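Written below as structure tokens is the structure these notes are about.
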Amino acid sequence: MSILISKDTRFIVQGITGREAINLTRENLDYGSKIVGGVTPGRAGRDVYGVPVYDCVRDIVKAHGAVDGSIVCVPPRFTQDAVFEALENEVKLIVVVTENVPRREVAQMVELAELRGARIIGPNCLGMISPDEAKMGGIGGPAANTRQAYTPGNIGVMSRSGGMTTEIASTLTNAGLGQSTAVSIGGDAIIGSSYAELMPLFEADPDTKAIAIYSEPGGRMEAELADWIRTNKSRLPVVAFMAGRFMDEMQGMRFGHAGTIVEGVEDTTAEKIKRMEAAGISVAERIEEIPELLRKRLAEVN
Amino acid sequence: MRFYEYEAKALFARHGLPMGASRVVESAAAAREAFDAIGGPCVLKGQVLSGGRMKAGAVKFADTADEAAAHFDAIMPVEVKGQKSRSVLVESKSEIVQEYFAAVTWDGRAKRPVLVFSDMGGIDIEEVAETHPDHVSKTHFSSILPLSPRVAKEAIGATGVTGSDLNRLTPIIFELMQLFLRYDLTLAEINPIGKLADGRFIVLDGHIDLEAEARGIHKELLDELGIGDDETRQARPPTEFEIAGARVNAVDHRGVAGNVVEFDGNLGLVIGAGGGSLTLFDAVRKHGGKPANYCEIGGNPSVSKARELTKLILGKPGVERIAVMMNVVSNTRVDIVARGVVSGCIESGKDPAEAIAIFRIPGAWEDEGFKILEKYGVEYCDRSVSMYEAAGRAVAKMGAGS
Chain A
15 MSILISKDTR
25 FIVQGITGRE
35 AINLTRENLD
45 YGSKIVGGVT
55 PGRAGRDVYG
65 VPVYDCVRDI
75 VKAHGAVDGS
85 IVCVPPRFTQ
95 DAVFEALENE
105 VKLIVVVTEN
115 VPRREVAQMV
125 ELAELRGARI
135 IGPNCLGMIS
145 PDEAKMGGIG
155 GPAANTRQAY
165 TPGNIGVMSR
175 SGGMTTEIAS
185 TLTNAGLGQS
195 TAVSIGGDAI
205 IGSSYAELMP
215 LFEADPDTKA
225 IAIYSEPGGR
235 MEAELADWIR
245 TNKSRLPVVA
255 FMAGRFMDEM
265 QGMRFGHAGT
275 IVEGVEDTTA
285 EKIKRMEAAG
295 ISVAERIEEI
305 PELLRKRLAE
315 VN
Chain B
2 MRFYEYEAKA
12 LFARHGLPMG
22 ASRVVESAAA
32 AREAFDAIGG
42 PCVLKGQVLS
52 GGRMKAGAVK
62 FADTADEAAA
72 HFDAIMPVEV
82 KGQKSRSVLV
92 ESKSEIVQEY
102 FAAVTWDGRA
112 KRPVLVFSDM
122 GGIDIEEVAE
132 THPDHVSKTH
142 FSSILPLSPR
152 VAKEAIGATG
162 VTGSDLNRLT
172 PIIFELMQLF
182 LRYDLTLAEI
192 NPIGKLADGR
202 FIVLDGHIDL
212 EAEARGIHKE
222 LLDELGIGDD
232 ETRQARPPTE
242 FEIAGARVNA
252 VDHRGVAGNV
262 VEFDGNLGLV
272 IGAGGGSLTL
282 FDAVRKHGGK
292 PANYCEIGGN
302 PSVSKARELT
312 KLILGKPGVE
322 RIAVMMNVVS
332 NTRVDIVARG
342 VVSGCIESGK
352 DPAEAIAIFR
362 IPGAWEDEGF
372 KILEKYGVEY
382 CDRSVSMYEA
392 AGRAVAKMGA
402 GS
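Residue numbers (our numbering), protein chains in the order written: chain A, 15 to 316; chain B, 2 to 403.
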């Protein structure tokens, strides 16, 4: 079992003829994902690694029936329109890869998704993977590299950094801990699915026994997770790694992702660590401490 | 990116928000002229991006033109949190009977814009929220449904404001909500809004932050305000080194090799990606290392970008070595980065084996990358060495070398 995607998930790629999209299409196919079609306006009739290209999402649905998901991989100024197009064609799971989409446009996408009962992952993310089942997005890179870093198992992974999702999974794999599903949730200030919004899915997945997260300065997402765990008395032990501790003394400077900026006390790593620890989350100072902390917490549960 | 007060007010003026007469001046003589043109008591305010102007002495009141000129000379040298004023805003001084606060910002948790309103303006809003919670309202509104003034009315009414005050404030606050969405702002604040003795309201001070990602969309506005592309408007102005870093990244559109921030240490960092750089910077500091810079590479940058970034960092005075480190990479190719940094060292006249303290980038195309590094005798490691450990090795070398 896993969350969000499995080997049966049928999805499409919007912007499929772009450089990055061509790569991730091949990598996803190689990994065993089912991609039924792609969209690039004006390029109908072509194919990308055997995936037929259409002018719009509607034409894919007409030819192949309803699809479960879409990867949106188009330039920033076309992103909102692409997401709206997917939503209005009843796609319920949308991974937005694109970086540098202004917050207003993201908020509007998320609000329409709520109205349509759909879920957005990202923007500014690498997607997600249920190891040995399927992946959706650039997460893990080429299939061989992906298999090296990700192995099936019982740890759910969520990360505001795409690259660090793989670093954490690789560390878990090397320590003999596999993953149920790993989600790169995106590095922007407003994203479709926060840690707390994905927790109920992991909570309901019998194969997920613990959670590892990557967090950083900026925003209220860690506080939201702490609140969720407390309110819902989660069965899942959570271990968090906190990066960017040096930023606590550098108010107003932007490092890393768009969502990473310290504008007030609540944005600092010190404050986030305090809140997470108060909710029972173990906070690691180094990535390599995560497996040991997970084992310790898992032993306490059993 | 933050606007100066005079820029925020220019935007407010474009949309008809009521304000006192004002002029931006850059000399004492111009301050005198402005005073005469406005004709009456004025307030002079230093134009800096940080708050706390009043306390620092960058806001002064003038009753005569001579005073205005003297105040200009007094304000310009004042440092407000390390920054000097770029100019002075001379504005007519109004008699205020009450002050109000209004701001629109994004609530990342609710994923909606939120309007914060208070009838106790002019002071720290966080403090008001704690001491007088019934005088602060927070109202979320939709970013896709048509905007409606009733949101402003409800937000104002929630603090107990009624009568003609409610009806006169509503259009001002509604305009602020519209501005917020129209210009992709991350903060649109008026603090304070002043009520005059005759019952009218005027904007006394404003604070605008425009989202950096939306600069392209609002180029016309930025041009009109005279805000150049190179103005980052962060907590401090960019250094020469940082501007050069931005130039490296702008050379081609392939991947990222930039977001350079200058520090004063001796260990140059060629690190990535977004989250990996934060992790590695912490790790270097934890080991007692002194970073010369922060930066980010990722998204599979071209060889030339990696090379130019390497040259920039190696060329920074005081830099003895560089550490090249990333998290396990997915879409960035290890061999491309390896080729870039090695040739960057050579073009800087340095031996890559000496100049590169450690190379820790595991992932896609690592075998090809490691082959290049071996050829040049560069110390490298794979994923079995953690990011923290790799940073430790780099820092240890600095100790041995100096």
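All C-beta atoms in this analysis are idealised placements derived from N, C-alpha and C, irrespective of residue type, glycine included.
Values in this document were obtained by computation on a predicted structure and should not be read as measured data.
Rounded distance between the beta-carbons of residue j and residue i, thought under 8 Å
| i | j | result |
| --- | --- | --- |
| B/Lys94 | B/Pro42 | 4 Å |
| A/Arg244 | A/Ala293 | 5 Å |
| B/Ala70 | B/Ala22 | Not a contact, Cβ separation roughly 18 Å. |
| B/Tyr1 | B/Gly122 | Any question about residue 1 of chain B goes unanswered here, given that chain B covers just 2 to 403. |
Closer than 8 Å to chain A by CB, residue i
| i | result |
| --- | --- |
| B/Ser387 | yes |
| B/Ser403 | Residue confidence for B/Ser403 is low, a pLDDT of 45 falling below 50, so the modelled location carries little weight; the figure read from the coordinates is stated next. By this cut-off, B/Ser403 is not an interface position. |
| B/Arg394 | no |
| B/Arg113 | yes |
| B/Ile126 | no |
| B/Asp283 | yes |
| B/Ser143 | yes |
| B/Ser278 | yes |
| B/Arg384 | yes |
| B/Ser331 | yes |
| B/Arg110 | yes |
8 Å Cβ shell around residue i - same chain, five flanking residues per side excluded
| i | result |
| --- | --- |
| A/Met213 | Ile225, Leu239, Trp242, Ile243, Asn246, Ser248, Leu250 |
| A/Ser175 | Ser198, Gly201, Tyr228, Glu230, Ala257, Gly270, His271 |
| B/Ala274 | Val257, Glu297, Ile298, Gly299, Gly300, Met327, Asn328, Val330, Thr333 |
| B/Phe282 | Leu270, Ile272, Pro292, Tyr295 |
| A/Asn37 | Gly152 |
| B/Ala59 | Lys46, Gly47, Val49, Ile76, Val79, Val81, Ser86 |
| B/Ala198 | Glu96, Val98 |
Residues near residue i by beta carbon distance below 6 Å, same chain, minus five either side
| i | result |
| --- | --- |
| B/Asp74 | Ala29 |
| A/Ala237 | Arg289 |
| B/Arg234 | Met2, Arg3 |
| A/Ala96 | Gln28, Val86, Val88 |
| B/Pro104 | According to the sequence as given, residue 104 of chain B is Ala; it is not Pro. Cβ neighbours of B/Ala104 beyond the five flanking positions: Val117, Glu190. |
Any chain B beta carbon closer than 8 Å to residue i
| i | result |
| --- | --- |
| A/Pro156 | yes |
| A/Gln193 | no |
| A/Asn159 | yes |
| A/Ser175 | yes |
| A/Gln265 | yes |
| A/Ala298 | no |
| A/Met178 | yes |
| A/Ile169 | no |
| A/Arg259 | yes |
Counted within 10 angstroms of its Cβ, other Cβ atoms place residue i as buried (16 or more) or exposed
| i | result |
| --- | --- |
| B/Phe62 | exposed |
| B/Ser165 | exposed |
| B/Asp206 | buried |
| B/Ser403 | Below a pLDDT of 50, predicted positions are generally treated as unreliable, and B/Ser403, at 45, falls in that range; no measurement from the model is reported. |
| B/Asn168 | exposed |
| A/Thr222 | buried |
| A/Lys286 | buried |
| B/Lys306 | buried |
| B/Arg308 | buried |
| A/Met178 | buried |
| B/Pro134 | exposed |
| B/Val26 | buried |
| B/Thr163 | exposed |
| B/Asn260 | buried |
| B/Val98 | exposed |
Same chain only: Cβ atoms within 7 Å of residue i, ignoring 5 sequence neighbours per side
| i | result |
| --- | --- |
| B/Gly289 | Val396 |
| B/Asp231 | Ile244 |
| B/Ala213 | Met2 |
| B/Arg384 | Val329, Pro363 |
| B/Ala284 | Met388, Tyr389, Ala392 |
| B/Gly413 | The question about residue 413 of chain B has no answer, for chain B in this structure spans 2 to 403. |
| B/Glu263 | Thr240, Phe242, Glu243, Asn294 |
| A/Glu303 | none |
Chain-ordered chain E contacts of residue i [CB-CB under 9 Å]
| i | result |
| --- | --- |
| B/Ile218 | Within the model displayed, chain E is absent; protein chains A and B are what it includes. |
Query raised in the report: Of all the alpha helix (DSSP H) runs that stay within the bounds of the region 165 to 192 of chain A, which reach a length of 4 or more residues?
Result: 176 to 188
Requested in this report: Within the region 325 to 396 of chain B, note down every full alpha helix (DSSP H) run reaching 4 residues or more, in order along the chain.
Outcome: 335 to 348, 353 to 356, 367 to 376
Query raised in the report: Which full runs of the beta strand (DSSP E) of 3+ residues lie inside the region 173 to 252 of chain B, going along the chain?
Result: 186 to 197, 202 to 204, 207 to 211
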